[in-house]
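Under my numbering, think of the first position of the sequence shown as 5, with each following residue one higher.
Accompanying notes for the structure given below.
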Amino acid sequence: MPNDYITLRALAAELDERLRGGKIDKIQMPEKDEIVLLVRAAGQNHRLAISCNANNPRIHLTQIKKPSAQVAPAFCMHLRKHLANGAIERISLLGNDRIVGIEISARNELHDVVRFTLTAEMMGRYSNILVVNERGIITDSLKQVSYDTATKRCLLPSARYELPAQGKILLQDPDAIRACLTRYDGTETLLAYVIKHFAGLSNATAAQLLCDAGVRDARALSDDRIDAILQAIESMLNCYGSERFAPCVQMSDGCAIDYYMYPYQGVETTPAPSLNDAIERCVSEKDLRQRRDERTRYLQKAYNALLNKTQKKLDKCLERYAQSQNQDEYRILGELITANLHRIRKGDTRITVADYYRPDCPDRVIQLDERLTPQQNAQAYFKKYAKLKRTEAVVVEQIEQTRDFLQYLQTIAPSIAMCSTPQEIAEVQAELESVGALRVRKQDKSTKIKPAQPLLYEYEDFAICVGKNNYQNEKLTFKLANGNDLWVHTKDAHSSHVIVFAEGRDIPESVIRTACEICAYYSHAADGGKIACDYTLRKNLRRHPIGKPGMVLYTTYRTAVVSPNRHETYLVRE
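This is the structure:
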């Protein structure tokens, strides 16, 4: 994405136009590296999200509401103390770099007017959020750095805020740009040369800059071509507010993957109402997915470890079962020795006997233990036979139990992939603790988390609920649903339990099909094309004998083959 100086300059101008004069009503910190300012400006409420996440730094207006932390972090409390109820005076870039400065005036405890600059540095792994007072002193920073050898800066409270040193040519310096372009000798591509020497250009923006200038490549640049590049830079810098400014997004498989100030050459784009809207469409889904992966990484690791351990146990049981199938061989050997005791002397290591268990009674060599008597050799083979017979009975039971447990474990995988809120993560964690994948944690009564709610759809006046983990499936199926409500599940794959609440009415085929499509979407086989879904009345279900949550058995059912569809337009509660 072109998260460069050019794009941030247009974004800052757009934010300044929409938020200037706005009042900061509330400050939240839903993530450890993200803050949200609730701003009332021009009679409208806005949510300004600022993130210094190393993989996805961003600042934009958003509609997504994330739950706040139960205990506000120290940086959030600092922001509330100094910036709450403050007024936004200006939003602009600082130091001709990817640094957005939000100038805010507020009142202190003595009701004196004080000014701060909320500084958002959008610089990859060096991204940060700081509060700087009117004397240029850092009052606090989200990421505190005593001294960074790469940036040569100290980012600590009470330290003077200094802009990072810039080693490249600034886009606002036409004389330096002209001198640099004059030195171009064609030893490398013009695109690589521009990216190497000019600050604030991403690869996509640099390529578009040369396209706008009509200079694709050259071995040397004439004055006319240099003038064209300078004009293209000036046009990009002043894009916002011009006729050229037309925010858009690049789509792929129905998802926004990139955003631009205006359509770039060679890129198929879709118009967006604003640059903020384009950015949110591209980065919000990526951020939610990344946050979920970060929060659930330890759950996935513990789950994979237990899954592999259980699979190895099953493989070992199957191997022992295969060995136990040779039990009759040891009985036959013992009986052959018993029939030939008169021919064996103590100290013999082998004996050749006629195997009367086979046709034509062929000769067979039987190994003996020279330390044992003939009778003891026979008993040794009978003991192996008896041991394998006992092993078979035990292993068969272990195989059945392990397979059932493995089947249950596989139902947890979709739960990990679907959970996103702290409540849902807590439920999956509790389930993994119950099966021994994680150590049981101590319950903190002061931070008790409310149970998560299943997904809720409304379609043709019917409520359709979808469980997001086994605990929700169990509660939804056996506590909330009535006997005549419809239960839906994929036929040969693990999926969420889907309940259509009938409320004494007949359920139309269209509602049943929609419920099956939703169920297919929330299943392991969601990427496999058409999926078969079983549906039956809740009264036809019974719990699985293994007693694990969400595991059921049923015999009376009908099947529908459908394509997975989330039906997001009918989603009422996530």
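Glycine included, every Cβ here is placed at the ideal spot set by N, Cα and C.
Just so it is clear, the structure is predicted and the values come from calculations on it, not from any experiment.
Residue i vs residue j beta-carbon contact at 8 Å
i	j	result
Ile106	Ile92	yes
Val2	Tyr539	Since the first residue shown for the chain is 5 and the last is 578, residue 2 is missing from the structure and cannot be characterised.
Ala306	Leu194	no
Arg164	Ile141	yes
Thr644	Leu318	Here the chain covers residues 5 to 578 and nothing more, so residue 644 does not appear.
Asp20	Ile95	yes
Ala467	Leu460	yes
Met126	Leu241	no
Phe386	Arg335	yes
Leu23	Val43	yes
Lys147	Cys243	no
Ser567	Tyr526	no
Ala581	Ala497	Residue 581 lies beyond the stretch modelled for the chain, which goes from 5 to 578, so this question has no answer here.
Asn137	Ala110	no
Ile511	His571	no
Leu205	Leu214	no
Gln427	Ala456	yes
Leu484	Leu541	no
Cys252	Ala217	no
Leu65	His50	yes
Arg324	Thr377	no
Where residue i sits in the DSSP three-state scheme
i	result
His493	strand
Ile31	strand
Glu298	helix
Pro275	strand
Gln74	coil
Phe249	coil
Asp538	strand
Thr581	Coverage of the chain is limited to positions 5 through 578, which leaves residue 581 absent and any answer about it impossible.
Glu113	coil
Met555	coil
Ile550	coil
His528	coil
Leu234	helix
Val287	helix
Leu23	helix
Leu65	strand
Ser255	The sequence given here places Met at residue 255; Ser does not occur at that position. Residue state, collapsed to three classes: strand.
Asp37	coil
Asn312	helix
Ala91	strand
Thr560	coil
Arg220	coil
Ile511	coil
Contact with chain B by residue i, beta-carbon distance below 8 Å
i	result
Ala217	In the structure shown, chain B does not exist; there is a single protein chain.
Residue i burial status per 10 Å Cβ neighbour count (16 or more: buried)
i	result
Cys80	buried
Lys36	exposed
Ser450	Because the pLDDT of Ser450 is 45, which lies under 50, any placement of that residue in the model is unreliable, and the number read from its coordinates should be weighed accordingly. It is exposed - the Cβ of Ser450 has fewer than 16 other Cβ atoms within 10 Å.
Ile550	exposed
Glu435	buried
Ile68	exposed
Asp186	In the sequence under discussion, the amino acid at residue 186 is Thr, which differs from the Asp named in the question. Exposed, by the Cβ-count rule.
Gln379	exposed
Cys259	exposed
Thr191	exposed
Thr559	exposed
Pro61	buried
Ser226	exposed
Pro161	exposed
Val576	exposed
Thr415	buried
Asn473	buried
Glu462	exposed
Asp221	exposed
Pro366	exposed
Gln254	buried
His86	buried
Original post:
Which runs of the beta strand (DSSP E) fall wholly inside the segment 335 to 383 and span at least 3 residues, in chain order?
Top reply: Whole beta strand (DSSP E) segments, 3+ residues: 354 to 358 and 367 to 371.
Original post:
What alpha helix (DSSP H) runs, 4 residues minimum, are completely inside the segment 380 to 464?
Top reply: Qualifying alpha helix (DSSP H) stretches, in chain order: 416 to 422 and 426 to 438.
**OP:** Could you name each continuous beta strand (DSSP E) segment of 3 residues or more that falls completely within the segment 133 to 212, going from the start of the chain to the end?
**Re:** As far as the segment 133 to 212 is concerned, its whole beta strand (DSSP E) runs of at least 3 residues are 142 to 145, 149 to 152 and 157 to 159.
Original post:
Can at least three beta-carbon pairs, one atom from the segment 420 to 427 and one from the segment 282 to 302, be found at a separation below 8 Å?
Top reply: These segments touch.
Original post:
Does the segment 541 to 557 come close enough to the segment 512 to 530 to have 3 or more Cβ pairs within less than 8 Å?
Top reply: At 8 Å Cβ cutoff, the stretches do not touch.
Original post:
With contact counted as at least three CB pairs below 8 Å, one residue from each stretch, are the segment 340 to 351 and the segment 312 to 332 in contact?
Top reply: The segment 340 to 351, when compared against the segment 312 to 332, does not touch it at the 8 Å Cβ threshold.
**OP:** Let me know the alpha helix (DSSP H) ranges lying completely inside the segment 464 to 491, each 4 residues or longer, listed in chain order.
**Re:** Annotation: the segment 464 to 491 contains the following complete segments of the alpha helix (DSSP H) (minimum length 4 residues), in chain order: 474 to 479.
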